[in-house]
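One structure below.
In our numbering, the protein residues as written are 10 to 126.
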């Protein structure tokens, strides 16, 4: 099994000052698409290096919630779009006489002389 993977790029990043919500697209083992959201606050450490934390002050919590809502709304729109595209593809396959693997349906249940191999 090949364990190498290419880095995943975020679908979108929403920001409010130092706060951010990052939306990621993922694929399950069975090929389904799902989305995750990372919520973080960016800060500069003592050495001047940018770091992230998942700890928020009480005054930041509602702003983080709003960023999360925006990311979730975007994920829902993407899922609807993906579902619509999948339905269109299935309809196209049905109209062109192909099964889920792209094989012509006319050969699926065919029987007769020379077909019993």
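For glycine and all other residues, C-beta sits at the position ideal for the given N, C-alpha and C.
Computed from a predicted structure; not experimentally measured.
C-beta atoms of residue 33 and residue 44 nearer than 8 Å: Here residue 33 is taken as the residue at index 24 of the chain shown, counted from 1. Here residue 44 is taken as the residue at index 35 of the chain shown, counted from 1. A Cβ-Cβ contact shorter than 8 Å links residue 33 with residue 44.
Where the alpha helix (DSSP H) through residue 73 begins and ends: The sequence position of residue 73 within the chain shown is 64, counting from 1. Residues 67-104.
Three-state secondary structure assigned by DSSP to residue 152: In the structure as shown, the chain begins at 10 and stops at 126. Residue 152 is therefore absent and cannot be evaluated.
Span of the beta strand (DSSP E), counted from its first residue to its last, around residue 29: Within the chain shown, the letter at position 20 stands for residue 29. Residue 29 -> beta strand (DSSP E) spans 28-36.
Cβ-based burial, residue 51 [other Cβ within 10 Å; buried from 16]: As a first step, residue 51 is located in the chain shown; it is residue number 42 there, counting from the start. With fewer than 16 other CB atoms across the displayed protein chains lying within 10 angstroms of its CB, residue 51 is exposed.
C-beta neighbour in chain B for residue 48, strict 8 Å: Absent from the structure: chain B. Only one protein chain is present.
C-alpha gap between residue 64 and residue 35, whole angstroms: Position 55 of the chain shown, counted from the first residue, corresponds to residue 64. Position 26 of the chain shown, counted from the first residue, corresponds to residue 35. Between residue 64 and residue 35, the alpha-carbon positions lie close to 25 Å from each other.
Contacting residues, own chain, Cβ-Cβ under 8 Å from residue 17 (five flanking each side not counted): As a working note, residue 17 is residue 8 in the chain shown. Cβ neighbours of residue 17 beyond the five flanking positions: 33, 34 and 35.
Pair within 8 Å by beta-carbon distance, residue 29 and residue 71: On the chain shown, residue 29 is found 20 positions in, with the first residue counted as 1. On the chain shown, residue 71 is found 62 positions in, with the first residue counted as 1. Their beta carbons are not under 8 Å apart, which means residue 29 does not touch residue 71 by this criterion.
With 16 other Cβ atoms within 10 Å as the buried cut-off, status of residue 46: To locate residue 46, count along the chain shown from 1; it is residue 37. Its Cβ being crowded by 16 or more others within 10 Å, residue 46 is buried.
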